[in-house]
Structure formats: structure tokens, C-alpha cells
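Presented below is the structure to which this report refers.
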Amino acid sequence: MAQAIQKITLSAARDIPFNKLVLSQQNVRKIKAGVSIEDLAEDIAHRGLLTSLSVRPELDADGNETGIYRIPAGGRRYRALERLVSQKRLSKTAGVPCIVSPGETLEVEDSLAENVQRVSLHPLDQFRAFQTLREQGLGEEEIAARFFVSVATVRQRLRLASVSPRLLDFYAEDEMTLEQVIAFSITNDHVRQEQVWDTISRSHSREPYYIRRLLTETAIRASDRRAVYVGIEAYEAAGGVTMRDLFEQDQGGWLQDPALLEQLVMEKLKTHAEAIQVSEGWKWVEAAFDFPYGHTSGLRRFYGEQAEMTEDELARYDAARAEYDKLDAEYAEADEYSETTEQKLEELGSELDRLNDRPFVFDPQDIARGGVFVSLGASGEPKIERGFVRPEDEQQAEADPSTDGGDGRADHGSALTVTGAAGGEDTQPDDEDETIKPLPDRLVLDLTAARTVALRNALANNPVIAFIGVMHAFVLKTFYVYGSDSCLEVTLQSARFSQTPGLGDTVWAKEIDQRHDGWGQDLPKDPNDLWDFLIKLDEVSRQALFAHCASLSVNAVIEPWNKRARAIAHAEQLARSIGFDMVEAGWVPTADNYLGRVTKARILQAVREAKGDQAAELIGHLKKTDMAREAERLITGCGWLPEPLRMTIGEGIFDSDAAGDDAVEPEQAETTEIEDLPAFLLDEPETSSDGDGDMESGIDGEHLAAAE
């Protein structure tokens, strides 16, 4: 005979006056967590009590009910109600919905069960619930207020809910992590999101940062100089779309329409150039996003005179300088840091800089035949170069048939132009060929062009060796057959290297330009006055000027049609004498200047020489673009250099097997730490860089500013 199933009887529900309820000491929740009592009280006031309290009648010594009920489960709700009563927003005798337990189980068991059996809401359900509330008319601020979260949190949840429904389904089925969903949320393009997911699904590289990289690889960062120059507001007003990451610092996001941004940059540059031409009266003004290095070659440069200070400005300058010096001296003797003093010194320094930074006034006759170059600076500010005269605009009376360079000065970008590689194109390496082939001629040219500019800068800072270098060239021409075996082109021709992108933005080129402009401001305008100027110049400044001029003639470029073995060997001697090294000069291998322009085999060779075989094996499975980027990250700071940038060892131009001075030795490479590698590189599918000089006739120590 079948046994009858015992029926379950649920505990009765009833309203119990608040003043008849007390907390049980058996409640397991002792530590504050989740929504605060204050916020919970406000939520109950807004929508009522959504969950009843679990209570038990209190019995006296004889087992009779006393009319008081203990609360083993629901203590936070009770305290929230208690807060409302104390604020007189709820009556002491108001009925509270309660489930009255018969007391067949332990009180602590009821309290524990209520909390353990509770299942937290899946994040995706919360995202979609917020989205539903907004669709029903609630604003972000109102949603945030009702659920006691920040507006930023609401925006994040809404952004996550807007990810492709297909990807959210994967997340709901635990095929995708929340961190991956967050990475996908930086764009609203569902098609692109799904394309990237399909791509990473076929590999084990599924890290969130890798997803962000793929989603933003065709976009431009808001910190890019073009975006800074145009402004995000102007870009978006023109119809441009900006991707934002609401979960991590994104420095302003990414601009998705590079073509539109380029158009806006050029339009603004041209408008800026036209305004300069109209307001200042120059004969011509050229505007470009970038000009090639040495674009002023063949043009005579003239400089304006800095406007004199007015009596009022001079008085303010003297007062600010005196106050700054006094405060600085007192602060130097102080024992404690003072934020107020630091701020005052900074304000005075800014005032002095403003008074010193006066505009330059040009001769109207020079302006009438001169021009200006307007381009975009590295930080997004307009770069304005004034005072250039084209040969056809020179006055005939000033022409001197015995000279080639206008006023006789050596320009830091002469008419000697280095063109592209043989054939006119940069030969692209065969990515599929894993053998080590010679570096492309064009790449060798570009690398040695960068080295030449850096070596020029280093030589300019060593006047003694610069003097010896020029003297060496003269002695060769006088006493030896190979009189041209010097890397110093002492005729002061200066190769432009206009075919090598980015040279003008290097720290070496900027130092050269600043030094050149400094001397240009100091030298007399009339070349007939130059000799007397040099005679009166102090020895330190004269040597510095000599070194600068000599440095501009350095040419250590290896061209495919002219290897210049003897001159390159002399460049090595020059570099050793100065103690010059490309690593110390600040050159680092990047995907743009080297790693992205060689074969995969070359990339792996570089990583192997810098970090060892183990590090090379970790990236061996990647595509070339990703391999180049990861290689750049891995070998940054290792001091590794490609062969054309290394110092000569023994005879010949290069030792192809020589590593950089700081490269890791083979026996050390195997133990190189690789803990800083991304998880996906670990090949685990489940883991997702004063001389006082006697000056005469008004020539003083200010020339040292240019020398520095």
C-alpha cells in the first residue's frame, strides 16, 4: 500500500504592530554589507516594504505567548523601519507584514537560510532592467536617485546593456566574462563588436585590452595632436563620432572618423595661415599638417627684433624679479614645505616668463618679400616659422655670385636632398619567409638618417671634438689622397632626410632647431658685420657656435647606391670620441621605426637578442602586426639596437651578430623575468622610456643661451 505524501503547511502571514517587534540575538548578519540602513529606509518610504519579516512569538516561563515577536530574519528591514519611526514618518503602531514561524527550527537556522538561499541578481538582468526603466521615461539621474547609486554607475550599466544582443547572450551563458563585455562597450557598432568577437574566438587571445585594441585600431585617440588642435566639440559638431570608455581612463576617448578629422585640421590650418598673412602682411604663407625635415633648405632666414619693454612692463618685471629672488632665498633656508610659497613662486615665475616672452617685430621690407610656414606642433599647438625668403624674391642688389647661401650662413637643411631607395619604393619584407635576410636598403637609409641627426646633436655639445673633426677633414684634403674620407661635409652642405618621416619631431631635431634659432637671433643682420661680431665674441660662445655649424655637416647615412664605407668608418671614430650611443641618445625600437618594417623572423631575432629564446617563443604564434607591438613592449628599456645603429666592432662597418650594449646574454636570457607579459602570451587558452668671457662693445653672456 502506497504511503500518503505528507502535505506541507506554510507559515501564516499577518500584520503585527511595529511596537510589538524586537530583534532576535540569533540573527547571523553581524557585519554591515550592501545597501545602507539609511538608503533602505528611503526605499521603503518610496515603494513600501517588499519583503515580509520572519518572526517568532516570544514565550514566557510557562510557554505562553507574551504578545512580543522576535525577528531572526529581517533585521536590516526592521532597523530601516525603526529609522522611519524615529523620524516620525511611520507610526509606532503601524502594522508590519510578517511571516510567523511555528518555531520548529532553530532561530539561527532561519536567519542563515534566508541569507544563504537568496540568489543575487545576474548583472545582465540589472543592466536590462535599467535600460527598461529608461525606455519607460526615467532619466539617468532619477534612476540613480531611486537605487542609491551614482549617475556614472547608471551610465555604465546602460552602456553594457547596449552591447550587441548576440554577445550579451554569450555572457548570459558564461561564454564571455564581464570584463570582456566591458571592453566591447567602448563602441556602439554591433557589427564591429561581433566581427572582433568572431576574430578572437578563433584564437586564445581574448584579453580585454586586446579587444579594446582591435576595436580602436582604426580610430584616433583624443590626445592625438590633430584632435587637440581641432577640439572634440568641433569634431562632433561636424558629425564625427567619439568612442568613450566609461570604465577606464581613456584620455578623452577615440575619434572614429580619421578622414573627417584630417579635413578639419587642414581647414583650420589654412584659416590660421590666411589670418597671419592678412594681419601681418607676409608675401606668402604655406600651411601643411607636417613639413618634411629640412623644408627650409635653400631659403634665407631673417629674424625680427624683440619688442622693447615699456616703462610699465620694465617696472613690473623689476618688482617681480626682486620679489621672486627674495622669496626664493627665504624659502631655501626654510625647514618645511610650504604650498603657499610654492604657489607664489610659480605665479611670479609665470609673470616673469610672460614679460620676457615678447613678440618679435620684423622689418616691413623683409615681410614684403618673406614668408611663413604654418604646421601642427607635437602637442597640438600651431607651429609658426616666420622669416624665410625664396631665392626668386631676393633683391638683385643683394645677390652675391660668389656665394650659394644668401647671407652666407649655413642652414640646418641645405639643398642636398637624400631621396628614396633605389627603384623609388620601400621594398616590403616577405612576412612568410622565416629566414634572416639583409635589411631593406630603404630601412638602413632611414635608420642611419636618424642616427646622423642624433650624432649631429651630440657633436654640437662637444666643441673640442667638433673642432678636431673639421681640422681632420682639412688635413686629409691637404696631405692625403683620400681627402674626402670624412663624414663631415665641411662645405656645410646638409642632407635633408626629407624621406624619413618623424625626424622633425625627435628630441635631437628640436634641440638643433632651437639652437639654430637662438644663434640666428644673436648674429648681426648684415653679413658685413659678422667678422667684427665673431672677433668680439667670447671663446666659449665662439666654440659653441663653431660646434653647431660643424655638426650640421655630419652625414652618416648609408644609401643603397653609395655605401660610403670610409666615411661611415669615420663616423664611428667620431661617435667613439664623443662617447655617443643611440640608446643613451634616446632611440628605442618601435613598430613604426623598425619592428613593423621587417619580417617576422627579424622581429623574433630582435626579441631573442634582447630578452632570450623564451620571450621570443611566447610571441611566435602572433600575426605580424600584433607581434611587432608585443615585441616593442617586450624590448623597451633593454638597450637593444638594430645592426645599422650599433657601434662597429673590429674591421668593417657592422657586426651583424653583435647585440646592443645592454642586450641580454644568451645564458642570462633563459632566466629573464616574463611576469609582465599579458596572460594570453603565456599560451594558456583559459586565461583570457659658464664662462665669464671678456665681452666688448655690447657683446655679453646672453649668447650662451643659444650655446646651451
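In my numbering, the protein residues as written are 1110 to 1817.
Beta carbons are placed, not taken as given, at the ideal position from N, Cα and C, and that holds for glycine.
Quick caveat: nothing in here was measured; it's all calculated off a predicted structure.
Next item on the list: Would you kindly work out how many angstroms separate the C-alpha atoms of I1125 and S1195, rounded to a whole number?
Entry: Locating residue 1125 in the sequence shown gives position 16, where the first residue counts as 1. Locating residue 1195 in the sequence shown gives position 86, where the first residue counts as 1. If I take the Cα positions, the gap works out to 18 Å.
Notebook entry, point to check: Would Q1652 count as contacting chain C if we go by Cβ distances under 8 Å?
Noted result: No chain C appears in the structure shown, which is made up of a single protein chain.
Notebook entry, point to check: Y1412 and Q1630 look like a contact to me (Cβ under 8 Å); what is the Cβ gap, rounded to whole Å?
Noted result: Taking the first residue of the sequence shown as 1, we reach residue 1412 at position 303. Taking the first residue of the sequence shown as 1, we reach residue 1630 at position 521. Contact holds; Cβ gap of about 5 Å.
Next item on the list: Output the distance between the C-alpha atoms of G1204 and I1252, rounded to the nearest integer angstrom.
Entry: Within the sequence shown, numbered from 1, the residue matching residue 1204 stands at position 95. Within the sequence shown, numbered from 1, the residue matching residue 1252 stands at position 143. If you take the alpha carbons of G1204 and I1252, they lie about 29 Å apart.
Next item on the list: Give me the Cα-Cα distance between A1167 and K1197, rounded to the nearest whole angstrom.
Entry: The sequence position of residue 1167 within the sequence shown is 58, counting from 1. The sequence position of residue 1197 within the sequence shown is 88, counting from 1. Correcting the residue identity first, residue 1167 is Glu in this sequence and not Ala. The alpha-carbon separation between E1167 and K1197 amounts to approximately 27 Å.
Next item on the list: Please specify which runs of the beta strand (DSSP E), each continuous and at least 3 residues long, are wholly inside the region 1361-1442, giving them in chain order.
Entry: 1393-1396
Notebook entry, point to check: Do Y1280 and L1233 have their C-beta atoms closer together than 8 Å?
Noted result: Here residue 1280 corresponds to residue number 171 of the sequence shown, with the count starting at 1. Here residue 1233 corresponds to residue number 124 of the sequence shown, with the count starting at 1. In contact: Y1280 and L1233 (Cβ atoms closer than 8 Å).
Next item on the list: Tell me whether N1465 sits in a helix, a strand or coil according to DSSP, three-state version.
Entry: The residue given as residue 1465 occupies position 356 in the sequence shown. Residue state, collapsed to three classes: helix.
Margin query: Just to confirm the assignment, what range does the beta strand (DSSP E) spanning R1123 have?
Written below: Reading the sequence shown from its first residue, position 14 is the one you call residue 1123. From DSSP, the beta strand (DSSP E) with R1123 extends over 1121-1126.
Notebook entry, point to check: Among all the DSSP beta bridges, which residues are the ones paired with A1182?
Noted result: Translated into positions along the sequence shown, residue 1182 becomes position 73. Under DSSP, the beta-bridge partners assigned to A1182 are S1163.
Note to self: Quick check on the DSSP output: the alpha helix (DSSP H) that includes P1232 runs from which residue to which?
What the structure shows: One-based indexing of the sequence shown puts residue 1232 at position 123. Following the DSSP letters along the chain, one finds P1232 inside the alpha helix (DSSP H) bounded by residues 1232-1244.
Check: For G1705, which residues of its own chain have a beta-carbon under 6 Å away from its beta-carbon, when the five flanking residues on both sides are left out?
Finding: By 1-based counting over the sequence shown, the position of residue 1705 is 596. The answer, listed in chain order, is A1737.
Item checked: Per DSSP, cross-strand counterpart(s) of P1491 -> Along the sequence shown, one-based indexing puts residue 1491 at 382. Answer by DSSP bridge pairing, in chain order: L1485.
Next item on the list: Could you check the C-alpha separation between Y1187 and L1132 for me, to the nearest Å?
Entry: Looking up residue 1187 in the sequence shown gives position 78. Looking up residue 1132 in the sequence shown gives position 23. Distance between the alpha carbons of Y1187 and L1132: 8 Å.
Check: DSSP three-state call for M1691: helix, strand or coil?
Finding: Your numbering for residue 1691 matches position 582 in the sequence shown. Note: M1691 maps to helix in three-state DSSP.
Next item on the list: Pick out whichever of A1416, A1567, G1611 has its Cα sitting closest to the Cα of G1403.
Entry: If you number the sequence shown from 1, residue 1403 lands on position 294. Checking every option, the nearest Cα to that of G1403 belongs to G1611.
Notebook entry, point to check: Between A1715 and I1728, which are expected to be in contact by the criterion C-beta below 8 Å, what is the C-beta distance as a whole number of angstroms?
Noted result: Position 606 of the sequence shown, counted from the first residue, corresponds to residue 1715. Position 619 of the sequence shown, counted from the first residue, corresponds to residue 1728. Actually they do not touch by this definition, with Cβ atoms about 11 Å apart.
Next item on the list: Taking F1497 and G1479 to be in contact with their CB atoms under 8 Å, please state how far apart those CB atoms are, rounded to whole angstroms.
Entry: Reading the sequence shown from its first residue, position 388 is the one you call residue 1497. Reading the sequence shown from its first residue, position 370 is the one you call residue 1479. Correct: roughly 6 Å between the Cβ atoms.
Next item on the list: Could you pull out every residue in the same chain whose Cβ sits closer than 6 Å to the Cβ of D1513, ignoring the five residues on either side in sequence?
Entry: For this step, residue 1513 is matched to residue 404 along the sequence shown. Confidence is the limiting factor: at D1513 the pLDDT is only 43, short of 50, which leaves the residue's position unreliable and the question unanswerable from this model.
Item checked: When I1295, T1405, E1420 are compared against E1326, the one with the closest alpha-carbon -> To locate residue 1326, count along the sequence shown from 1; it is residue 217. Looking at the Cα atoms, I1295 is the closest of the given residues.
Note to self: Can you tell me where the alpha helix (DSSP H) holding G1204 begins and where it ends?
What the structure shows: Within the sequence shown, the letter at position 95 stands for residue 1204. G1204 -> not in any alpha helix (DSSP H); beta strand (DSSP E) instead, spanning 1204-1209.
Checklist line | Inter-residue spacing [alpha-carbon to alpha-carbon] between E1681 and W1696 | finding: Indexing the sequence shown from 1 puts residue 1681 at position 572. Indexing the sequence shown from 1 puts residue 1696 at position 587. Taking the straight line from one Cα to the other gives about 17 Å.
Item checked: Contacts around L1373, its chain only, beta-carbon distance under 7 Å, and the 5 residues preceding and following it disregarded -> Against the sequence shown, residue 1373 aligns to sequence position 264. For L1373, where only same-chain residues beyond five positions count, the Cβ hits under 7 Å are V1339, A1343, Y1344, A1347.
Margin query: Does L1159 pass the burial test, meaning 16 or more other C-beta atoms within 10 Å, or should it be called exposed?
Written below: Taking the sequence shown and counting its residues from 1, the one referred to as residue 1159 is at position 50. Around the beta-carbon of L1159, fewer than 16 other beta-carbon atoms lie within 10 Å, marking it exposed.
Notebook entry, point to check: Residue range of the alpha helix (DSSP H) that V1616 falls in?
Noted result: Taking the sequence shown and counting its residues from 1, the one referred to as residue 1616 is at position 507. Taken as a continuous stretch (DSSP letters only), the alpha helix (DSSP H) holding V1616 covers 1616-1631.
Check: Does DSSP put I1545 in a helix, in a strand, or in coil?
Finding: Along the sequence shown, one-based indexing puts residue 1545 at 436. If DSSP states are grouped into helix, strand and coil, I1545 belongs with coil.
Check: Using the rule of at least 16 other Cβ atoms within 10 Å of the residue's Cβ for burial, across every protein chain shown, is L1731 buried or exposed?
Finding: By one-based count along the sequence shown, residue 1731 stands at place 622. L1731 is buried by the Cβ-count criterion.
Check: Roughly how far, in whole angstroms, is the beta-carbon of L1454 from the beta-carbon of L1436, given that I think they are within contact range, below 8 Å?
Finding: Locating residue 1454 in the sequence shown gives position 345, where the first residue counts as 1. Locating residue 1436 in the sequence shown gives position 327, where the first residue counts as 1. With 8 Å as the limit, L1454 and L1436 qualify as a contact, their Cβ atoms being about 6 Å apart.
Note to self: To the nearest angstrom, how far is the alpha carbon of N1570 from that of S1662?
What the structure shows: Position 461 of the sequence shown, counted from the start, is the residue given in the question as residue 1570. Position 553 of the sequence shown, counted from the start, is the residue given in the question as residue 1662. Roughly 14 Å separates the two Cα atoms.
Checklist line | Alpha-carbon spacing of I1146 relative to L1193, whole angstroms | finding: As a working note, residue 1146 is residue 37 in the sequence shown. As a working note, residue 1193 is residue 84 in the sequence shown. Answer to the nearest angstrom: the Cα atoms are 10 Å apart.
Margin query: In this structure, how does DSSP classify V1137 when only helix, strand and coil are distinguished?
Written below: Numbered from its first residue, the sequence shown carries residue 1137 at position 28. Residue state, collapsed to three classes: coil.
Checklist line | Nearest residue (CA-CA) to R1322, options F1642, R1301, R1335 | finding: On the sequence shown, residue 1322 is found 213 positions in, with the first residue counted as 1. Of the listed residues, the one whose Cα sits closest to R1322 is R1301.
Item checked: Test item: CB-CB of A1121 and P1206 under 8 Å -> Residue numbering aside, residue 1121 sits at position 12 when the sequence shown is read from its first letter. Residue numbering aside, residue 1206 sits at position 97 when the sequence shown is read from its first letter. No.
Next item on the list: Put G1515 into one of helix, strand or coil per three-state DSSP.
Entry: Taking the sequence shown and counting its residues from 1, the one referred to as residue 1515 is at position 406. For G1515, the pLDDT reaches just 39, beneath the cut-off of 50, and the residue's location in the model is therefore unreliable, although a value from the coordinates is still provided. In this structure, G1515 counts as coil in the three-state DSSP scheme.
Next item on the list: Report the option in R1560, G1362, P1211, L1423 whose CA atom is closest to the CA atom of D1333.
Entry: Taking the first residue of the sequence shown as 1, we reach residue 1333 at position 224. Answer by Cα proximity: G1362.
Margin query: Alpha carbons only, please: which of N1465, V1616, T1615 is nearest the one belonging to E1417?
Written below: Within the sequence shown, residue 1417 is the residue found at index 308, counting from 1. Across the set N1465, V1616, T1615, the C-alpha of N1465 shows the shortest separation from the C-alpha of E1417.
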